[in-house]
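These notes are about the structure you will find just below.
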Amino acid sequence: MVKILDSRVKDHDLAGNGKSLLRWAEDHMPVLMSIRKRFSEEKPLRGATIAACLHVTKETGALMRTLVEGGAKVALAGSNPLSTQDEVAAVLAEEGVSVFAWRGQTKEEYYECLMQVLSKRPEITMDDGADLITMLHSGAGEIPRIIGGTEETTTGVVRLKAMAANGVLKYPVIAVNNAETKWDFDNVYGTGQSTLDGILRATNVLLAGKNFVIAGYGHCGRGLANRARGMGARVVVTEVNPMKALKAVMDGFIVMPMTEAAKIGDIFVTATGNKSVIRRDHFRLMKSGAVLANTGHFNVEIDIGALGEEATEKRRLRENVDEYLTKDGRKIYLLAEGRLVNLAAAEGHPSEVMDMSFANQALSVEYIIQQGRGLKPDVYDVPEEIDRTVARLKLETMGVRIDTMTKEQEEYVKGWSEGTE
Ligand code: ADE
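With the sequence shown counted from 1, adding 1114 to any position gets you my numbering.
Here's what the structure looks like:
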């Protein structure tokens, strides 16, 4: 039986540093701050309890404060055993959020923390990867209390759509990931930059002139490919989807199977959402000194078990870098234990881009409350109105003005009768 607690963080004395981190984030998240201001006046979330499973970063801290300002009670668990910023967890706990997160959790502790947030009897869930929802649907917590949930990331949306297709999803979930102001910015620019940041903080390797292999050319892979090219790397893409492979080719990247890429790569990053994308056969082909990292949601993209079996020795070389010595004397380096390198070895996406993602989260929670029990169990897109509001506010805060259509143009784009002149 799990003993119910109010919070569990690494060290409450870290709260002072956490406050400074949060101030930095909030100064770079003007859209979320404008929503917070309105929430503080209108209290649209009054009376709701929200259970969240998100990476506990300074940006998540800014979101949690916004939900509290809107009148909600919030319980927060980390969404990865290595991604929690302990200073942020400490300050949120001090401010009355029930936080269950610390960096370096075991798998058992990770799931125990999810149990703790579910014990707070939420009406709303907020997920990044769908672990909280799947846990609820496996018998933990009280599903009938829940009016809706949100999901932050591609992997989570894929899992939820599978649940909906199998008829097992029991409440409505807003796919925040699928808002244009989320995936077209967070996944592309956020992942692109923060993944390189993680690799560089962990290793300080020179990217210029290196063969940089990216598995997966979705939005995250594309963002990363462009940033790595910008740093002077020779970018190789591997794909299973012909459409995405074609896009990579036309974007000017070299595309080949992983069995070929494995022989030439200096740095490998997985961004696929699938498992064992880099596996035993590939490890055997790699050059000594190859660096492996993952930026997909789960730590299954690199077959770490097989890597261990291929090695005679494994040692921690520096923080976030494990050296595997293979039977034939090669060295292969694994970053951040194969977990999300951008969050485990760096700070995740920059605040400016999380501003839009978390504005969508806050407004989607408000939307769920407005709908009450009116939505059937399914996976929903973020309403277009919310998406547009976020884009408009972001432009405003960046001081960018745009044109508006004339009356004549509005009619023209709605009509069909005018053709070749
Ligand atoms: N996912 C990626 N970057 C993040 C961040 N900075 N905060 C929360 N979740 C994230």
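Backbone N, C-alpha and C fix where the C-beta goes; we use that ideal spot for every residue, glycine too. Please read these numbers as outputs of a predicted model, since none were measured by experiment.
**Request:** State the beta-bridge partners of D1436 as determined by DSSP.
**Result:** R1430, L1448
**Item:** Close Cβ partners of G1452 (< 6 Å) along its chain, the five nearest in sequence each way excluded
**Value:** N1408, N1413, I1416, I1418
**Request:** Identify which residue in Q1484, A1316, L1168, S1402 has its Cα closest to the Cα of D1442.
**Result:** S1402
**Asked** So, is K1221 buried or exposed, given that buried needs 16 or more other C-beta atoms within 10 angstroms?
**Response** exposed
**Prompt:** Would you report the Cα separation of V1342 and N1318, rounded to the nearest angstrom?
**Reply:** Just to set this straight, residue 1342 is Ala in the shown sequence, not Val. So the alpha carbons of these two residues sit roughly 14 Å apart.
**Item:** For E1547, three-class secondary structure by DSSP
**Value:** Since the displayed the chain opens at 1115 and closes at 1535, residue 1547 lies outside it and no answer follows.
**Message:** Does the distance between the C-beta of E1461 and the nearest non-hydrogen atom of the ligand ADE fall short of 7 Å?
**Reply:** yes
**Request:** Could you check the C-alpha separation between V1514 and A1505 for me, to the nearest Å?
**Result:** 11 Å
**Item:** Best match in E1437, E1498, N1434, F1397 for proximity to A1420 [C-alpha to C-alpha]
**Value:** For the residues E1437, E1498, N1434, F1397, the minimum Cα distance to A1420 belongs to F1397.
**Chain-order list of residues whose beta-carbon lies under 7 Å from that of S1478 (same chain, five-residue window excluded)** = T1264, I1288, V1290, V1496, I1500
**Message:** Let me check you understand the geometry: is the CB of T1171 closer than 7 Å to at least one non-hydrogen atom of the ligand ADE?
**Reply:** The closest heavy atom of the ligand ADE lies less than 7 Å from the beta carbon of T1171.
**Request:** Locate the alpha helix (DSSP H) running through F1326, then write down its first and last residues.
**Result:** F1326 -> not in any alpha helix (DSSP H); beta strand (DSSP E) instead, spanning 1325-1329.
**Request:** Quick one: grab the DSSP three-state call for S1212.
**Result:** strand
**Message:** Excluding the 5 residues flanking L1457 on each side, which residues of the same chain have their C-beta closer than 8 Å to its C-beta?
**Reply:** H1169, T1171, N1194, L1196, S1197, S1308, G1312
**Asked** Assuming L1271 contacts V1527 under a Cβ cut-off of 8 Å, what Cβ separation, rounded to an integer in Å, is found between them?
**Response** The displayed chain sequence assigns Val, not Leu, to residue 1271. Wrong, their Cβ atoms sit about 31 Å apart, outside the cutoff.
**Message:** Give me the DSSP bridge partner(s) of I1288.
**Reply:** T1264, Y1494
**Item:** Exposure of I1238, with buried meaning 16 or more beta-carbon neighbours within 10 Å
**Value:** buried
**Request:** Using only alpha-carbon positions, find the residue among T1269, R1315, G1253 that is nearest to R1432.
**Result:** It is R1315.
**Request:** Please confirm whether any heavy atom of the ligand ADE lies closer than 7 Å to the CB of T1440.
**Result:** no
**Request:** Starting from the C-beta of K1358, find all residues in its chain whose C-beta is less than 7 Å away, skip the five residues before and the five after it, and write them out in chain order.
**Result:** Y1331, G1332
**Item:** As assigned by DSSP and simplified to three states, the class of A1316
**Value:** Annotated three-state conformation of A1316 is helix, per DSSP.
**Message:** If I follow the unbroken alpha helix (DSSP H) through N1456, where does it start and stop?
**Reply:** 1455-1458
**Message:** the ligand ADE and S1212: does any heavy atom of the ligand fall closer than 7 Å to the residue's C-beta?
**Reply:** no
**Beta-carbon separation (whole angstroms), K1203 vs A1215, contact threshold 8 Å** = The sequence given here places Ala at residue 1203; Lys does not occur at that position. Indeed they touch by this definition, with Cβ atoms about 5 Å apart.
**Message:** Shorter than 7 Å, the distance from the beta carbon of T1269 to the closest heavy atom of the ligand ADE, or not?
**Reply:** Remark: the C-beta of T1269 is outside contact range of the ligand ADE, defined as less than 7 Å to any heavy atom.
**Asked** So who's on the other strand from V1351, going by DSSP bridges?
**Response** I1328, V1369
**Request:** Just list the alpha helix (DSSP H) runs in the segment 1372-1427, keeping only unbroken ones of 4 residues or longer that don't cross its boundaries, in chain order.
**Result:** Counting whole runs of 4 or more residues, the segment 1372-1427 contains the alpha helix (DSSP H) stretches 1372-1378, 1394-1399, 1418-1424.
**Request:** Helix, strand or coil for V1188, going by three-state DSSP, please let me know.
**Result:** Per DSSP, reduced to three states, the secondary structure at V1188 is strand.
**Request:** Whole angstroms is fine: what's the gap from G1346's alpha carbon to E1461's?
**Result:** 23 Å
**Item:** Cutoff 7 Å; reference N1388; Cβ partners in own chain excluding five residues on either side
**Value:** E1415
**Message:** Please tell me whether, using a cut-off of 7 Å, the distance from the CB of S1402 to the nearest non-hydrogen atom of the ligand ADE is below it.
**Reply:** no
**Message:** With three or more beta-carbon pairs closer than 8 Å as the criterion, would you say the segment 1154-1163 touches the segment 1245-1257?
**Reply:** no
**Asked** Thinking just about the alpha-carbon of each residue, which of V1435, H1411, D1395 is nearest to the one in E1423?
**Response** D1395
**Request:** Assuming V1327 contacts I1381 (C-beta within less than 8 Å), just tell me the rounded distance between them.
**Result:** 7 Å
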